[in-house]
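Undergrad:
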């Protein structure tokens, strides 16, 4: 796969996971007062986006065909650990936007900006630590 195709595919998958994340957050926030539920919404949205992005990256970016509880369990654990840093980036941007502007639109803008930066960092970390193979390639 050439760099352009890889970049477009990765960006599309990041967008899909971002939509899943933010839509899930907004669904949780419908349950009550936004200020009371923001942390829960961010956690649930992050989990939904993480699962979505893992499956898309595994199959369509890194072409990882290994399937099994042991293999996927280990890779998903690494993927989640690597995601810790990117989650801090995205949550910080979202929380800062909510604190500064106090509107749902700006909270979503902050989430989008934070997730975008986080996904750029995430690709490099995943390539090196999660889906690397012995030959050091990411796609066939």
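Residue numbers (the numbering used here): 288 to 427. In this text, a Cβ means the ideal position worked out from N, Cα and C, and glycines have one as well.
Mind checking whether residue 309 and residue 395 have CB atoms under 7 angstroms apart?
TA: A contact, by the Cβ cut-off of 7 angstroms.
Undergrad: Taking residue 289 as the reference, give the member of 348, 397, 319, 374 with the closest Cα.
TA: When each option's Cα is compared against that of residue 289, the closest is 348.
Undergrad: Can you name the start and end residues of the alpha helix (DSSP H) that residue 313 belongs to?
TA: Per DSSP, residue 313 belongs to the alpha helix (DSSP H) from 290-316.
Undergrad: Between the segment 410-420 and the segment 383-395, do three or more beta carbon pairs fall short of 8 angstroms?
TA: Result no; under three Cβ-Cβ pairs closer than 8 angstroms.
Undergrad: Quick one: using the 10 Å Cβ neighbour count with 16 as the cut-off for buried, is residue 320 buried or exposed?
TA: Classification for residue 320: exposed.
Undergrad: Residue 415: buried (16+ other C-beta within 10 angstroms of its C-beta) or exposed?
TA: With fewer than 16 other Cβ atoms within 10 Å, it is exposed.
Undergrad: I think residue 383 touches residue 370, with their Cβ atoms under 8 angstroms apart; what is that distance to the nearest whole Å?
TA: Not a contact, Cβ separation roughly 19 angstroms.
Undergrad: Check residue 350 in the structure and name its three-state DSSP category.
TA: Residue state, collapsed to three classes: coil.
Undergrad: Under a three-way DSSP split, which group does residue 355 fall into?
TA: Coil, per DSSP.
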